[in-house]
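Those protein sequences? They're chains X and S, same order as listed.
Using numbering that gives the first Met the number 0, the final residue of the first sequence is 284, and nothing's skipped along the way.
Using numbering that gives the first Met the number 0, the final residue of the second sequence is 184, and nothing's skipped along the way.
Reviewing the structure listed below.
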Amino acid sequence: MIPAPFAYARPTTVDEALQAIAEGGEDVKVLAGGQSLIPVMRLRLAAPETVVDLGRVAELRGVREEDDAIVVGAMTTHADVLADPLIRQYAPLVAEATATVADRQVRHRGTFGGALVHADPAGDLPAVALALDAEFVIVGPGGRRTVGASEFFVDYLTTAVQEGELLVEVRLPKLAGSWGMHYEKFNRVAQAWSIVAVAAAVRREDGRIAEARIGLTNMGPTPLRARQVEEALAGAEATADAVAAASQHAAVGTDPSSDLNAQADYRQHLATVLTRRAVSTAAGL
Amino acid sequence: MTRISVRVDGASYDDDVEPRTLLVHYLREQLGKVGTVVGCDTSNCGACTVHLDGEAVKSCTVLAVQADGAEVTTIEGVAGDGSGNGQLHPMQKAFHEMHGLQCGYCTPGMIMASLDLVKENPDPSEDEVREGIEGNLCRCTGYQNIVRAVQQAAAEMRGSDGNGNGHVAPAEVDTAAAPHVVGQA
Ligand SMILES: Cc1cc2nc3c(=O)[nH]c(=O)nc-3n(C[C@H](O)[C@H](O)[C@H](O)COP(=O)(O)OP(=O)(O)OC[C@H]3O[C@@H](n4cnc5c(N)ncnc54)[C@H](O)[C@@H]3O)c2cc1C
Ligand code: FES
Ligand code: FES
């Protein structure tokens, strides 16, 4: 199938994009890499009146350093994220998770910002952004605002980005040195979404785990933090036993769905196993 | 209608397209480049893979308007001088020699994805080939001979030009007969 007809706008700046959205009528969709939107439009699950293509908005692309953060433009493609030296140095968790997204063709087009705004529960980057305490910079007719990761993911496929607004960039705190990170993804076939996945960042100090940040993929309508595991790990000895004991709490407070790939209780089991693996690897155990 | 200018397999085209036109349909139906095929409705199969400014993409998941100003290479621009009439590209030859196809439906996309992989990694291991072509599905071969073909082609490409660069730069072609061609760069 092909998409239903729509009007097409191709702005070259963020201001032009906001104007095109404002003038686009009732149902306007922003087009980033199109790797989620075009399939949905082909199936006529979305039939926007106007599509505003961000492909030529150069200011939304690229990664830069800003004090104690790195700033990733919303239109930076998955492939560009994978090749970026700043990401590799300060946010290797992002690179590791991005490498598991889809396949090379999709990674050439799909964008960091698009994957976060799309907020598919099985998407790999939302849990990573949540674990890293990323900050989201959103612009709209009312100006510019910054939203923390815990307020960004609101519900199933729903974020703090309102109609008429754009995600412009994401700030990731620089975590390097004593931080170790790992993304542990479980799926069964090539180019598949996560059945469950776990993003872990762990800071070690003198044989102990000083701090752990853990994000869960596909354990509810939004990405979740495994807070109970984080609390159990804070100050714990960096041993396999301590990590295994703490990981038993990984499914607490989660609300996974049942589907063709897995039942909810199996997902909860996977969360504990994958958390143990993710934290162990991140802690260098 | 939106006006677009694209170079496809070495020739320049200026055309009016509906914004909803998928790149693969523009290639097949407006330009007659039927070497690129459609195998699914879900962006999974990779049969439609082409290179957009040198990078493999699924042309069923790109709008023709998004390709405005870009260079597209399809399976038809890979052989010999880019006109599709010359010698097979080492990747095509390897698929032939290693029996990397049965029905052949996945082959155009497999070859375009494999060229993209070999450009990035001129000497891929078996696992790296399997991962590199994970975006392409084959319902016939079981992949064994496809993996062998990609490795054989990679070896030949490393040997022949010394740098293993798999990017296929389309050559100039004579497009005087094609009505929608307005010029060649
Ligand atoms: C075969 C296949 C397999 C995949 N597998 C995975 C996987 O394993 N893991 C995974 O995480 N993802 C996967 N994806 C999805 C992929 O990561 C997409 O790239 C991503 O979900 C959407 O990014 P995009 O840039 O293509 O956005 P688009 O499809 O262009 O947009 C998605 C949505 O976000 C909105 N949007 C995009 N950018 C902005 C912005 N800056 N401001 C406001 N709104 C915006 C759009 O309006 C749209 O509603 C897969 C996709 C395919 C086709
Ligand atoms: S036709 Fe494009 S991925 Fe199947
Ligand atoms: S040869 Fe038939 S699908 Fe691959």
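All residues carry an ideal CB built from backbone N, CA and C; glycine is no exception.
Nearest-angstrom Cα separation, counted from residue j out to residue i
i	j	result
S/L62	S/L21	4 Å
S/S198	S/V36	In the structure as shown, chain S begins at 0 and stops at 184. Residue 198 of chain S is therefore absent and cannot be evaluated.
X/R187	X/D123	15 Å
S/K118	X/A209	43 Å
X/P103	X/A263	Per the sequence shown, the amino acid found at residue 103 of chain X is Arg instead of Pro. Their Cα atoms are separated by approximately 30 Å.
S/G163	X/R9	Note that S/G163 scores 44 on pLDDT, short of 50, meaning its location in the model is unreliable; the coordinates nonetheless yield the value given after this. Roughly 37 Å separates the two Cα atoms.
S/Y232	X/K184	Because chain S here runs from 0 to 184, residue 232 of chain S falls outside it and cannot be looked at.
X/V100	X/T145	26 Å
S/K92	S/A152	8 Å
X/A114	X/D52	15 Å
S/E130	X/G32	22 Å
X/D159	X/V201	First, the amino acid is wrong: residue 159 of chain X is Ala here, not Asp. Approximately 28 Å between the Cα atoms of the pair.
S/C44	S/A66	21 Å
S/D40	X/V105	15 Å
X/L284	X/T271	17 Å
S/V149	X/S193	28 Å
X/D26	X/E48	5 Å
X/M74	X/R143	17 Å
X/Y89	S/D126	28 Å
X/A245	X/S149	22 Å
X/A19	X/E168	19 Å
S/E155	S/H50	21 Å
S/G56	X/D67	First, the residue type needs correcting, since residue 56 of chain S is Val and not Gly in the sequence shown. Approximately 35 Å, taken between the alpha carbons.
S/G134	S/S113	10 Å
X/V13	X/V138	9 Å
S/E28	X/V50	23 Å
X/R108	X/A235	42 Å
S/V5	S/V64	10 Å
X/V126	X/F5	The question names Val, yet the displayed sequence has Ala at residue 126 of chain X. If you take the alpha carbons of X/A126 and X/F5, they lie about 33 Å apart.
X/A243	X/R275	6 Å
X/G147	X/L273	26 Å
X/R170	X/A96	17 Å
X/Y182	X/D132	15 Å
X/P84	X/A130	21 Å
X/A118	X/V71	17 Å
X/G112	X/A231	32 Å
X/A191	X/A121	10 Å
S/M109	S/T1	31 Å
S/V23	X/V197	36 Å
S/G161	S/H95	For S/G161, the pLDDT reaches just 45, beneath the cut-off of 50, and the residue's location in the model is therefore unreliable, leaving the point undetermined.
X/R57	X/A237	According to the sequence shown, residue 57 of chain X is Ala rather than Arg. Rounded to the nearest angstrom, the two C-alpha atoms are 45 Å apart.
X/A128	X/V93	8 Å
X/L44	S/R19	15 Å
Chain-ordered chain B contacts of residue i [CB-CB under 8 Å]
i	result
S/V61	No chain B is present in this structure, whose protein chains are X and S.
Closer than 7 Å: residue i CB and nearest ligand 5 heavy atom
i	result
X/P222	Questions concerning ligand 5 fall outside what the structure shown contains, since the ligands it does hold are ligand 1, ligand 2 and ligand 3.
>> By the 8 Å beta-carbon criterion, what residues does the segment 95-114 of chain X contribute toward chain S?
In response: A101, D102, R103, Q104, V105, H107 and R108
>> Could you check whether the segment 56-65 of chain X touches the segment 238-252 of chain X, counting it as contact only if at least three pairs of C-beta atoms, one from each stretch, sit closer than 8 Å?
In response: no
>> Short of 7 Å Cβ to Cβ, which residues in the segment 117-134 of chain S face chain X?
In response: Answer set for the segment 117-134 of chain S: G131, E133 and G134.
>> Quick check for students: name the residue ranges of the beta strand (DSSP E) that lie wholly in the segment 157-228 of chain X, counting only runs of 3 or more.
In response: Taking only runs of at least 3 residues, the beta strand (DSSP E) segments lying wholly in the segment 157-228 of chain X are 165-172, 178-185, 195-204 and 207-216.
> Do the segment 134-151 of chain S and the segment 102-112 of chain S touch if we need at least three Cβ pairs shorter than 8 Å?
Replying inline: yes
> Using a Cβ cut-off of 8 Å, which residues of the segment 16-49 of chain S contact any Cβ in chain X, in chain order?
Replying inline: Correct list: E17, P18, R19, T20, L21, H24, D40, T41, S42, N43, G45 and T48.
>> What ranges does the beta strand (DSSP E) occupy inside the segment 13-93 of chain S, keeping only unbroken runs of at least 3 residues that lie completely in it?
In response: Taking only runs of at least 3 residues, the beta strand (DSSP E) segments lying wholly in the segment 13-93 of chain S are 48-51, 54-57 and 70-72.
>> Check whether the segment 8-27 of chain S and the segment 69-79 of chain S touch, using three or more Cβ-Cβ pairs below 8 Å as the test.
In response: yes
>> For the segment 90-105 of chain S, list every residue whose C-beta sits within 9 Å of some C-beta in chain X, in sequence order.
In response: none
> If we count Cβ pairs, one from each stretch, closer than 8 Å, do we get three or more for the segment 219-228 of chain X versus the segment 149-161 of chain X?
Replying inline: By the criterion of at least three beta-carbon pairs nearer than 8 Å, the segment 219-228 of chain X is in contact with the segment 149-161 of chain X.
> Is there contact between the segment 159-177 of chain X and the segment 256-270 of chain X, where contact requires at least three CB pairs shorter than 8 Å?
Replying inline: Result no; under three Cβ-Cβ pairs closer than 8 Å.
>> What ranges does the beta strand (DSSP E) occupy inside the segment 64-106 of chain X, keeping only unbroken runs of at least 3 residues that lie completely in it?
In response: Complete beta strand (DSSP E) runs here, min 3: 68-72.
> According to a CB-to-CB cut-off of less than 7 Å, which residues of the segment 186-201 of chain X neighbour chain S?
Replying inline: Look at the segment 186-201 of chain X: the residues with a C-beta under 7 Å from a C-beta of chain S are A189 and Q190.
>> Counting beta carbon pairs with one atom in the segment 38-52 of chain X and one in the segment 67-82 of chain X, are three or more of them shorter than 8 Å?
In response: no
> Just the residues with CB closer than 6 Å to a heavy atom of ligand 3, in chain order, which are they?
Replying inline: S/L100, S/Q101, S/C102, S/G103, S/Y104, S/C105, S/C137, S/R138, S/C139 and S/T140
> In the segment 231-257 of chain X, which residues sit with their C-beta less than 7 Å from some C-beta in chain S, listed in chain order?
Replying inline: none
>> I'd like the ranges of any beta strand (DSSP E) spanning at least 3 consecutive residues and lying wholly in the segment 5-67 of chain X.
In response: 6-8, 27-30, 49-52 and 62-65
> Using Cβ-Cβ distances below 9 Å, what residues of the segment 127-157 of chain X are close to chain S?
Replying inline: none
> What are the uninterrupted segments assigned as alpha helix (DSSP H) that are 4 or more residues long and contained completely in the segment 237-271 of chain X, given in chain order?
Replying inline: 239-246
> What are the residues of the segment 62-95 of chain X that lie near chain S, defined by any Cβ-Cβ distance shorter than 8 Å?
Replying inline: A78
> Which full runs of the alpha helix (DSSP H) of 4+ residues lie inside the segment 97-162 of chain S, going along the chain?
Replying inline: Those alpha helix (DSSP H) runs which fall completely within the segment 97-162 of chain S and span 4+ residues are 106-119, 125-131 and 143-160.
> Which of the residues in the segment 47-58 of chain X, read from start to end, lie with their CB under 8 Å from any CB of chain S?
Replying inline: V50, D52 and G54
> According to a CB-to-CB cut-off of less than 8 Å, which residues of the segment 1-16 of chain S neighbour chain X?
Replying inline: Answer set for the segment 1-16 of chain S: T1.
> Of all the residues that make up the segment 5-19 of chain X, which are near chain S by a beta-carbon distance shorter than 9 Å?
Replying inline: F5, A6, Y7 and R9
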